[in-house]
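Here's the structure we're looking at; comments come further down.
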Amino acid sequence: VNARLPVGLDRPARSRVCLMAVVSHGAVRADLARGRCGERGEQGLLVQLERAGVSCKDFYTEDDLRGVQTQLFGRAHYVTPDVLFRIPVIVNGDTPVRWIDSKGSCPLPGFAFSSMVERLRHQLTRFVTLFGPGLVVWQGGFACASTAGLPGVRAAAWASERPGGEAGPLPLPPSSEAWVRWQ
Numbered sequence: 001v002n003a004r005l006p007v008g009l010d011r012p013a014r015s016r017v018c019l020m021a022v023v024s025h026g027a028v029r030a031d032l033a034r035g036r037c038g039e040r041g042e043q044g045l046l047v048q049l050e051r052a053g054v055s056c057k058d059f060y061t062e063d064d065l066r067g068v069q070t071q072l073f074g075r076a077h078y079v080t081p082d083v084l085f086r087i088p089v090i091v092n093g094d095t096p097v098r099w100i101d102s103k104g105s106c107p108l109p110g111f112a113f114s115s116m117v118e119r120l121r122h123q124l125t126r127f128v129t130l131f132g133p134g135l136v137v138w139q140g141g142f143a144c145a146s147t148a149g150l151p152g153v154r155a156a157a158w159a160s161e162r163p164g165g166e167a168g169p170l171p172l173p174p175s176s177e178a179w180v181r182w183q
């Protein structure tokens with residue numbers, strides 16, 4: 001490892017470079033795991049739509065949308081939800097939605113980097129601007145804090161049955177910091 005480090009660094013600088021490499025590696029692994037979780041969620045969403053009797057002819061998938069953009073523009077220019085309905089669909093008996101996006105984890109303000117929460121809110125706002133009202137389905141439970149105040153965005157979590165054998169959220173004891181903080 002030392003042979004790969006820049007020459008002329010003092011010991012503290014070398015330690016910082018090594019620490020950055022370790023942290024970077026961990027961040028890349030976490031990013032890959034998030035990607036796999038997202039893919040499972042997207043597949044689970046398609047399974048749930050099929051179980052609900054929604055035909056695949058009634059919506060475009062994210063891959064469909066990217067393919068159309070690539071044909072038209074040479075690459076994908078616009079954000080793409082996991083599912084874009086051809087016509088609005090009523091969810092829970094009263095909520096018309098044009099799109100659904102499945103998320104593997106819910107970034108909570110105060111617990112996640114503010115840039116993660118801002119990026120999520122920006123993405124969802126773009127979906128509403130381009131397509132109209134929609135729904136975010138959280139795979140592991142959710143808190144409304146991430147989407148609060150975003151017009152046209154509803155949030156939900158998987159009901160009793162989770163797609164693909166996903167584990168459910170762990171119940172928080174009232175003494176835990178997360179439970180106390182969000183009361």
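All residue numbers for the sequence shown refer to the UniProt record's numbering, where the first residue is 1 and numbers rise by one.
C-beta: ideal position from N, C-alpha, C; glycine also.
Keep in mind the model is a prediction, meaning the values are calculated, not measured.
| Asked | Found |
| --- | --- |
| Span of the beta strand (DSSP E), counted from its first residue to its last, around VAL128 | Unbroken run through VAL128 is the alpha helix (DSSP H), 114-131; no beta strand (DSSP E). |
| Cβ-based neighbour list, THR95, same chain, cut-off 7 Å, excluding 5 preceding and 5 following | ARG154 |
| Assigned exposure category for ILE87 - 16 Cβ within 10 Å defines buried | exposed |
| DSSP-derived helix/strand/coil call for ARG154 | strand |
| C-alpha gap between LEU124 and PRO12, whole angstroms | 42 Å |
| According to DSSP, residues forming a beta bridge with LEU134 | Note that residue 134 is Gly in the sequence shown, not Leu. Partner(s): TRP99 and VAL153. |
| Three-state secondary structure (DSSP) of THR70 | helix |
| Pick from LEU19, ALA21, ASP82 and MET20 that is closest to LYS103, judged by C-alpha positions | ASP82 |
| For VAL7, three-class secondary structure by DSSP | coil |
| Residue 186 in three-state terms, based on DSSP | Look at the range of the chain in this structure, 1 to 183, and you will see that residue 186 is not part of it. |
| With 16 other Cβ atoms within 10 Å as the buried cut-off, status of LEU19 | exposed |
| Candidates GLU62, ASN92 and VAL17: closest to ALA76 by CA position | GLU62 |
| Buried or exposed by the 16-neighbour rule on C-beta atoms within 10 Å, applied to VAL7 | exposed |
| For VAL17 and GLY67, the rounded distance between their alpha carbons | 41 Å |
| Beta-carbon gap between VAL79 and LEU45 smaller than 9 Å | no |
| DSSP-derived helix/strand/coil call for VAL79 | coil |
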